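Undergrad: Residue numbers (the numbering used here): 5 to 167.
Glycine included, C-beta positions come from ideal geometry on N, C-alpha and C.
Predicted model only: the values in this text are computed from it and were never measured.
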Amino acid sequence: MSQSNVEAPPAEEVLANIDIAEILNRIPHRYPFLLVDRAETYRAHKSIVGIKCVTINEPFFQGHFPGNPVMPGVLIIEALAQTGAVLMSKSLEVDTDGKTIFFMSVDNARFRHPVRPGDVIRMEVEVVRSRSTIFKFKGVAKVGDKVAAEAEFAAMVVETPKA
């Protein structure tokens, strides 16, 4: 029996625990419009899993809907987009100094299950394709084992105009 000298390819690097401090350096969103609290896993140019802990203190619950609070679906899509922006920013080594990641499009959005106060949203975002500073994503937002929303979306990095 002979041994092969061929080495296995290196395992794909997976980074975990992107905390709120790094997220604040990566995207310009702030309270009350910051919709991602942390990321559990990150694969450069490939995927990210973001987390949003939804509380009754979210300002949108005041009017959506009194007595029956439900997170607006469009904000679930925004949370997916912000998670994708963290992936882009980290993959391209772009911070909020002089550059902004803009949401370009959303396709095939589907809302499957309501998100309510106390829920933890798991935002699974993967890169479908990328070219230079434009990324196309597919995202799924889950609460437990239920899909809350899913969509395909695109974003691009642009220079921030100086004031």
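For a quick check, are the C-beta atoms of residue 169 and residue 159 less than 8 Å apart?
TA: With the chain represented from 5 up to 167, any question about residue 169 goes unanswered, as that position is not in the structure.
Undergrad: Taking Cβ positions, are residue 54 and residue 90 nearer each other than 8 Å?
TA: yes
Undergrad: Give me the Cα-Cα distance between residue 70 and residue 136, rounded to the nearest whole angstrom.
TA: 44 Å
Undergrad: Can you find a C-beta in chain C that's less than 8 Å from the C-beta of residue 157?
TA: Included in the structure is just one protein chain, with no chain C present.
Undergrad: Is the distance from the Cβ of residue 129 to the Cβ of residue 79 below 8 Å?
TA: no
Undergrad: Ignoring anything shorter than 3 residues, give me the beta strand (DSSP E) runs that lie fully in the region 26 to 67, in order along the chain.
TA: 42 to 47, 51 to 57
Undergrad: Counting Cβ pairs, one atom from each stretch, are 3 or more of them under 8 Å apart for the region 120 to 127 and the region 56 to 66?
TA: yes
Undergrad: May I ask which residues mark the beginning and end of the beta strand (DSSP E) holding residue 140?
TA: 138 to 147 is the extent of the beta strand (DSSP E) around residue 140.
Undergrad: How big is the Cα-Cα spacing for residue 47 and residue 41?
TA: 18 Å
Undergrad: According to DSSP, is residue 75 part of a helix, a strand, or is it coil?
TA: coil
Undergrad: Which residue or residues does DSSP assign as beta-bridge partners of residue 158?
TA: Beta-bridge pairing links residue 158 to 109, 140.
Undergrad: From 162, 75, 86, pick the residue whose C-alpha is nearest to that of residue 116; which is it?
TA: 75
Undergrad: Do residue 39 and residue 97 have their C-beta atoms closer together than 8 Å?
TA: no
Undergrad: Decide if residue 88 is buried, meaning its Cβ has at least 16 other Cβ atoms within 10 Å, or exposed.
TA: Buried: at least 16 other Cβ atoms inside 10 Å.
Undergrad: May I have the straight-line CA-CA distance separating residue 118 from residue 21, to the nearest angstrom?
TA: For residue 118 and residue 21, the distance between alpha carbons rounds to 26 Å.
Undergrad: Sort 167, 77, 111, 106 by Cα distance to residue 153 and report the nearest one.
TA: Nearest neighbour of residue 153 by Cα position, chosen from 167, 77, 111, 106, turns out to be 77.
Undergrad: Taking the alpha-carbon positions, what's the residue 19 to residue 94 distance?
TA: 11 Å
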